[in-house]
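Asker: One structure is given below, represented as structure tokens, and several questions about it will come after.
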Ligand code: PLP
């Protein structure tokens, strides 16, 4: 018996493969430093947990409206003002995490045969879902000399009459890059000129070290052609609760809700009330988490830059460093995949090879720094030892 052939087009996330390898080492008695999985290490804020538990006790355990409970859709709509987006509850659809909204947006917007602009390196699920729905991923590069902001000129050169959708992810996984206001305006101008939909993945929007919040959907004419994909996983440390949402033109919410009725019916009702508490309660835990992450970012970037052959930009958002280890790879003739594999096997530090995010990630590693400073110090010490031990290839 074989599953349907369409499953062959699906990709996956390397993070889960590396996590499984790290868990095997732990089962064999080794202590592993985990910098592979992208999730905050702060617990879910207590008032959010309390709201979820209260909702359970109050019997909010039945089906909810497919598009989400009105209180949450209202709270999400109001929260969008912080990024300059004007929307009402009719523009919001709630999902069990941001990923299902990404999947639904791809199903709703990408015609078979359409070209879809997607970042390289980028979150691997973009390419996977584009291919799954019959689209053609067209990679656009990020400008490393501008701390991984999208390279707007290079992106414009890749637009053809078949291009229908542009995927943006700001702040960006895996590089932590953001876009300047001018970049966003230029991207919006391209979307308007070429009549593109924009899928704007803003799941790291609250984790920005310059204190800014923005969205391409806030620019003139863009709300009508943008689906914001967002959720509670990263900003409120709610990865296991599974709560996300999309913001879109009201004309699209009906079709999107029908998609949900066909697969999940609705998002867990009590979880949605925890989401209301997250948005309407104190934002102090988020502010505290971002301040802590900033210190960890600086610690890791500083330590990486002190290693010969490693260069690390200071990311403006998210919780990843994306160091260029080209100097080390050149003198040892290793690939970044082999480097990451050996770092785990020999030093028990789990990181991802940059190529887990596409060919544009070659020569890099992705390291999630949302962990204890002592763990980061251990990882840096192991990395220094490992790089010091690697034998240089003899000169020809
Ligand atoms: N988008 C990006 C860029 C991510 O990095 C992730 C999670 O790693 C998601 C979406 C999915 O988030 P959620 O846990 O809300 O499904």
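Numbering (my numbering), first residue to last: 60 to 455. Don't be surprised by glycine CBs; every beta carbon is placed ideally from N, CA and C.
Is the Cβ-Cβ distance between residue 389 and residue 414 less than 8 Å?
Answerer: Taking the first residue of the chain shown as position 1, residue 389 is located at position 330. Taking the first residue of the chain shown as position 1, residue 414 is located at position 355. The answer is no: Cβ separation not under 8 Å.
Asker: So who's on the other strand from residue 332, going by DSSP bridges?
Answerer: Within the chain shown, numbered from 1, the residue matching residue 332 stands at position 273. According to DSSP, which records beta bridges pairwise, residue 332 is partnered with nothing at all.
Asker: For residue 232, does the three-state DSSP call read helix, strand or coil?
Answerer: Within the chain shown, numbered from 1, the residue matching residue 232 stands at position 173. Three-state result, residue 232: coil.
Asker: Look up residue 307 in the DSSP assignment and say whether it is helix, strand or coil.
Answerer: As a working mapping, residue 307 is identified with position 248 in the chain shown. Coil, per DSSP.
Asker: Determine contact between the region 348-360 and the region 315-330, defined as no fewer than three beta-carbon pairs at a distance below 8 Å.
Answerer: Result no; under three Cβ-Cβ pairs closer than 8 Å.
Asker: Tell me whether residue 376 sits in a helix, a strand or coil according to DSSP, three-state version.
Answerer: Here the question's residue 376 lines up with position 317 in the chain shown. Residue 376: strand per DSSP, three-state reduction.
Asker: Assuming contact is defined by CB atoms lying nearer than 8 Å, are residue 152 and residue 316 in contact in what I supplied?
Answerer: Within the chain shown, the letter at position 93 stands for residue 152. Within the chain shown, the letter at position 257 stands for residue 316. In contact: residue 152 and residue 316 (Cβ atoms closer than 8 Å).
Asker: Can you look up residue 206 in the DSSP assignment and give me helix, strand or coil?
Answerer: Taking the chain shown and counting its residues from 1, one reaches residue 206 at position 147. Correct three-state label for residue 206: coil.
Asker: Report whether the distance from the Cβ of residue 157 to the nearest heavy atom of the ligand PLP is below 7 Å.
Answerer: As a first step, residue 157 must be located in the chain shown, where it is residue number 98. True, at least one ligand heavy atom lies under 7 Å from that Cβ.
Asker: Please classify residue 16 as buried or exposed, where buried requires at least 16 neighbouring CB atoms within 10 angstroms.
Answerer: With the chain running from 60 to 455 in the structure shown, residue 16 is simply not present.
Asker: Since residue 138 is in the alpha helix (DSSP H), which residue starts that stretch and which ends it?
Answerer: For the purposes of this step, residue 138 is taken as residue 79 along the chain shown, with counting starting at 1. Taken as a continuous stretch (DSSP letters only), the alpha helix (DSSP H) holding residue 138 covers 129-138.
Asker: By alpha-carbon positions, which one of 96, 90, 88 ends up nearest to residue 74?
Answerer: To locate residue 74, count along the chain shown from 1; it is residue 15. It is 96.
Asker: My parser needs the beta strand (DSSP E) runs of 3 or more residues fully inside the region 151-209; what are they?
Answerer: Segments of the beta strand (DSSP E) lying fully in the region 151-209: 151-154, 174-179, 195-202.
Asker: Leaving out five residues before and five after residue 243 in sequence, what residues of the same chain have Cβ atoms less than 7 Å from its Cβ?
Answerer: Position 184 of the chain shown, counting from 1, holds the residue named residue 243. Cβ within range, chain order: 273, 275, 278.
Asker: Within 8 Å, do at least three Cβ pairs link the region 75-82 to the region 391-411?
Answerer: Contact between the region 391-411 and the region 75-82 is present, because at least three Cβ pairs lie under 8 Å.
Asker: Quick one: is the Cβ of residue 330 within less than 7 Å of any heavy atom of the ligand PLP?
Answerer: Taking the first residue of the chain shown as 1, we reach residue 330 at position 271. Checking every heavy atom of the ligand PLP against the Cβ of residue 330, none is found closer than 7 Å.
Asker: Quick check on residue 368: does DSSP put it in helix, strand or coil?
Answerer: In the chain shown, counting from the first residue as 1, residue 368 sits at position 309. It is coil, neither helix nor strand.
Asker: Looking at the structure shown, is residue 286 part of a helix, part of a strand, or coil, going by DSSP?
Answerer: The count along the chain shown starts at 1 and reaches residue 286 at position 227. Strand at residue 286.
Asker: For the region 155-162 against the region 138-145, are there 3 or more C-beta pairs whose distance is under 8 Å?
Answerer: Result no; under three Cβ-Cβ pairs closer than 8 Å.
Asker: With distances taken from CA atoms, which of 232, 452, 283 is nearest residue 419?
Answerer: Locating residue 419 in the chain shown gives position 360, counting from the first residue. For the residues 232, 452, 283, the minimum Cα distance to residue 419 belongs to 232.
Asker: Where are the alpha helix (DSSP H) runs, 4 residues long or more, that stay fully inside the region 338-423, in chain order?
Answerer: With a minimum length of 4 residues, the continuous alpha helix (DSSP H) runs that stay inside the region 338-423 are 343-364, 385-391, 395-406.
Asker: Thinking just about the alpha-carbon of each residue, which of 87, 88, 68, 93 is nearest to the one in residue 76?
Answerer: Numbered from 1 along the chain shown, position 17 holds the residue referred to as residue 76. Considering only alpha carbons, the answer is 93.
Asker: Measuring straight from C-alpha to C-alpha, what distance separates residue 170 and residue 453?
Answerer: Mapped onto the chain shown, residue 170 falls at position 111. Mapped onto the chain shown, residue 453 falls at position 394. Distance between the alpha carbons of residue 170 and residue 453 is about 52 Å.
Asker: Residue 242 lies in the alpha helix (DSSP H); which residues open and close that run?
Answerer: Numbered from 1 along the chain shown, position 183 holds the residue referred to as residue 242. Element bounds for residue 242: 240-252.
Asker: Do you know how far the Cα of residue 307 is from the Cα of residue 149?
Answerer: Locating residue 149 in the chain shown gives position 90, where the first residue counts as 1. Locating residue 307 in the chain shown gives position 248, where the first residue counts as 1. So the two alpha carbons sit approximately 9 Å from each other.
Asker: Around the Cβ of residue 293, are there at least 16 other Cβ atoms within 10 angstroms (buried) or fewer (exposed)?
Answerer: Walking along the chain shown from the start, residue 293 turns up at place 234. Buried, by the Cβ-count rule.
Asker: Taking the CB atoms as reference points, tell me whether residue 270 and residue 287 lie closer together than 8 Å.
Answerer: As a position in the chain shown, residue 270 is number 211, starting the count at 1. As a position in the chain shown, residue 287 is number 228, starting the count at 1. Not closer than 8 Å, so no.
Asker: Is the closest heavy atom of the ligand PLP to the C-beta of residue 260 under 7 Å?
Answerer: The count along the chain shown starts at 1 and reaches residue 260 at position 201. Because some heavy atom of the ligand PLP lies under 7 Å away, the Cβ of residue 260 counts as near it: yes.
Asker: Let me check understanding here. Comparing Cα to Cα, which of 405, 391, 423, 426 lies closest to residue 451?
Answerer: Numbered from 1 along the chain shown, position 392 holds the residue referred to as residue 451. The shortest C-alpha separation from residue 451 is found at 391.
Asker: Rounded C-beta distance between residue 103 and residue 295? I'm assuming under 8 Å.
Answerer: Working through the chain shown from its first residue, we reach residue 103 at position 44. Working through the chain shown from its first residue, we reach residue 295 at position 236. Residue 103 to residue 295, Cβ: 7 Å. Contact.
Asker: Are the Cβ atoms of residue 196 and residue 177 separated by less than 8 Å?
Answerer: Within the chain shown, the letter at position 137 stands for residue 196. Within the chain shown, the letter at position 118 stands for residue 177. Going by C-beta atoms, residue 196 is nearer than 8 Å to residue 177.
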